[in-house]
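Asker:
2 protein chains.
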Amino acid sequence: MAGGVRDRMVAGAVRLLARRGLQATSFSTVLADTGAPRGSIYHHFPGGKDELVSAAIAATEEHALRLLDQQPGASALQVAESFLGAWRALLTGADFDAGCALVAVTVAADTPHPRERAADAFRAWRHRLARALNEGGLEVASAEATAMLLLAASEGAVVMSRAERDIRPFETVAAELLTHVRNLVDDLPAHDA
Amino acid sequence: MAGGVRDRMVAGAVRLLARRGLQATSFSTVLADTGAPRGSIYHHFPGGKDELVSAAIAATEEHALRLLDQQPGASALQVAESFLGAWRALLTGADFDAGCALVAVTVAADTPHPRERAADAFRAWRHRLARALNEGGLEVASAEATAMLLLAASEGAVVMSRAERDIRPFETVAAELLTHVRNLVDDLPAHDA
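Protein chains in written order, with this note's numbering: chain A, 1 to 193; chain B, 194 to 386.
#1: Compute the beta-carbon to beta-carbon distance between residue 44 (chain A) and residue 6 (chain A), rounded to the nearest angstrom, for a pair I have assumed lies under 8 Å.
#2: Checking contacts by CB at 9 Å: is residue 349 (chain B) closer than that to chain A?
#3: Taking the CB atoms as reference points, tell me whether residue 34 (chain A) and residue 11 (chain A) lie closer together than 9 Å.
#4: Return the residues of the segment 365–379 of chain B that lie within a Cβ-Cβ distance of less than 8 Å from chain A, sorted by chain order.
#5: With 9 Å set as the bound, which would you pick, yes or no: does the beta-carbon of residue 29 (chain A) sit closer than that to a beta-carbon of chain C?
#6: Quick one: what's got a C-beta closer than 6 Å to residue 245 (chain B)'s C-beta in the same chain, skipping five residues either side?
#7: Thinking C-alpha only, which one of B:345, B:249, B:326 is nearest residue 211 (chain B)?
#8: Please check the pair residue 378 (chain B) and residue 269 (chain B), which I expect to be a contact at CB under 8 Å, by giving their CB distance rounded to whole angstroms.
#9: Given that a residue counts as buried once 16 or more other Cβ atoms are within 10 Å of its Cβ, and exposed if not, what is residue 54 (chain A)?
#10: Taking C-beta to C-beta, are residue 276 (chain B) and residue 360 (chain B) nearer than 9 Å?
#11: Give the interface partners of residue 342 (chain B) over in chain A, defined as CB-CB distance under 7 Å, in chain order.
#12: Using beta carbons (cut-off 9 Å, strictly below), is residue 79 (chain A) in contact with chain B?
#13: Let me confirm a value: residue 62 (chain A) is counted as buried when at least 16 other C-beta atoms fall within 10 Å, else exposed. Which label applies?
#14: If the cut-off is 9 Å on Cβ atoms, which residues from the segment 96–108 of chain A count as contacting chain B, listed in chain order?
#15: Check whether the segment 290–309 of chain B touches the segment 91–107 of chain A, counting contact only when three or more Cβ pairs, one atom from each stretch, lie closer than 8 Å.
#16: Could you compute how far the alpha carbon of residue 355 (chain B) sits from the alpha carbon of residue 122 (chain A)?
#17: Is residue 351 (chain B) near residue 258 (chain B), with beta carbons less than 9 Å apart?
#18: With a floor of 4 residues, list each alpha helix (DSSP H) that falls wholly inside the segment 116–163 of chain A, ordered by position along the chain.
#19: Can the beta-carbon of residue 153 (chain A) be found closer than 9 Å to that of residue 331 (chain B)?
#20: Just by C-beta distance, which residues in the segment 32–66 of chain A are closer than 8 Å to chain B?
#21: Closer than 9 Å, CB to CB, is residue 276 (chain B) near chain A or not?
#22: For residue 259 (chain B), which three-state DSSP category applies?
#23: In terms of alpha-carbon separation, which member of A:131, A:16, A:73 lies closest to residue 144 (chain A)?
#24: Cβ closer than 8 Å: which chain A residues qualify as neighbours of residue 357 (chain B)?
#25: Output the residue ranges of the alpha helix (DSSP H) runs that lie fully inside the segment 272–301 of chain B and measure 4 residues or longer, sorted by chain position.
#26: Pull up the CB-CB distance for residue 16 (chain A) and residue 25 (chain A), whole angstroms please, since I reckon it's below 8 Å.
#27: Between residue 384 (chain B) and chain A, is the shortest Cβ-Cβ distance under 9 Å, so that the two count as touching?
#28: Consider the Cβ of residue 94 (chain A): report whether some Cβ of chain B lies at a distance smaller than 9 Å.
#29: Where does residue 372 (chain B) fall in DSSP's three states?
#30: Who are the Cβ neighbours of residue 22 (chain A) in its own chain at under 6 Å, not counting the five residues just before and after it?
#31: If the cut is a Cβ gap below 9 Å, which residues of chain A does residue 215 (chain B) touch?
#32: Apply the 10 Å Cβ neighbour rule to residue 79 (chain A) and answer buried if 16 or more other Cβ atoms are within range, or exposed otherwise.
#33: Is DSSP giving residue 219 (chain B) helix, strand or coil here?
#34: Residues of chain B with CB under 9 Å from residue 88 (chain A), in chain order?
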């Protein structure tokens, strides 16, 4: 199935970006990782590697937004807990050998397009996270600033835990972030959490 | 001067790591960037690229620790402001085209040694930052957790500001972090800040 091959290649590119970085994510490594036939490259990605990387960024963004869509009615604290839980699962599920594909692209991009596509994904992600925090009880400005802090601190903590092969940097940051959200909820004028 | 060539090559490697990532930091790009003679490679770095990258990580760590050493007597809030100021200078000084060499190494390392060296640097950096925050008035446990949060959130915010070529993600996170530190200082039993 043609669609299946493309999806498999995109998933392989996401995995390679998250584990080995942008330069190690090439058509040959993706083919080796997924077993896709060589002819799939020009059939599915006539735009070359930039098109493959952009598709991997789009898949990363969709995955992040889908996780946030899955919890209607969640409180701001539940939103933060679930957001941090997904990062924890990424780290421990890959034995500390995987991080965020968007970071991998940003720090090694040698053409503007993939970096700009990563920037769009960062924006979409934190806007959706801010909306969830707002729906969960935080005021708009506070939800936006908190979404930015949650995303930035998680990204940085994941890099440290990955470097150190140790969950402690991530858990320390996660605990600080949950305290931050709890304090905001407690400060709300009429909270019934 | 032999020492001068080596220092120039290490500085070039730091710059390339921060701007283009680990794979783009090769002996040929460092030679092109610094004008060092080709013979310098085996003379100064007989261990090959890993040795060059490790020296670049050591230089990054030394630079970070030196900045923290430069403010004896600073309050915890001043320490946080100065720490964030150094990141802001990195972003704006390089027109949003540079980040942290330690992140670049961690997300793209294909051998364990450079990643482990980056892990050591992360640990040394936040221990020094925690000590400065403790000397600036925070209790030990609070200083340690805050150092972890400051470093993680700055790293992540720098990646987002870099991707977006926009200071706003960084500034939003910086403001949240300063509020966090201010709240901790206000909560101290007997503060005279």
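We put the beta carbon where it would ideally sit given N, CA and C, even for glycine. Nothing here was measured: the structure is a model prediction, and the numbers come from that model.
Answerer: So, from the listed chains and residues:
#1: 4 Å
#2: yes
#3: yes
#4: 365, 366, 368, 369, 370, 373, 376
#5: No chain C is part of this structure, whose protein chains are labelled A and B.
#6: 206, 238
#7: When each option's Cα is compared against that of residue 211 (chain B), the closest is B:249.
#8: 6 Å
#9: Its Cβ being crowded by 16 or more others within 10 Å, residue 54 (chain A) is buried.
#10: no
#11: 153, 173, 176
#12: no
#13: exposed
#14: 99, 100, 102, 103, 104, 105, 106, 107, 108
#15: A contact exists between the segment 290–309 of chain B and the segment 91–107 of chain A.
#16: If I take the Cα positions, the gap works out to 11 Å.
#17: no
#18: none
#19: no
#20: none
#21: No - not a single Cβ of chain A is within 9 Å of the one on residue 276 (chain B).
#22: The DSSP-derived three-state label of residue 259 (chain B) is helix.
#23: With distances taken between Cα atoms, residue 144 (chain A) lies closest to A:131.
#24: Ordered by position in chain A, the residues that pass the 8 Å Cβ test against residue 357 (chain B) are 119, 122, 123.
#25: 294–301
#26: 4 Å
#27: Model confidence at residue 384 (chain B) stands at a pLDDT of 48, short of 50, so the residue's coordinates are unreliable and nothing is read from them.
#28: no
#29: helix
#30: 104, 105, 108
#31: 21, 23, 107, 108
#32: buried
#33: coil
#34: Those do not exist, as residue 88 (chain A) stays about 14 Å from chain B at its closest Cβ, beyond 9 Å.
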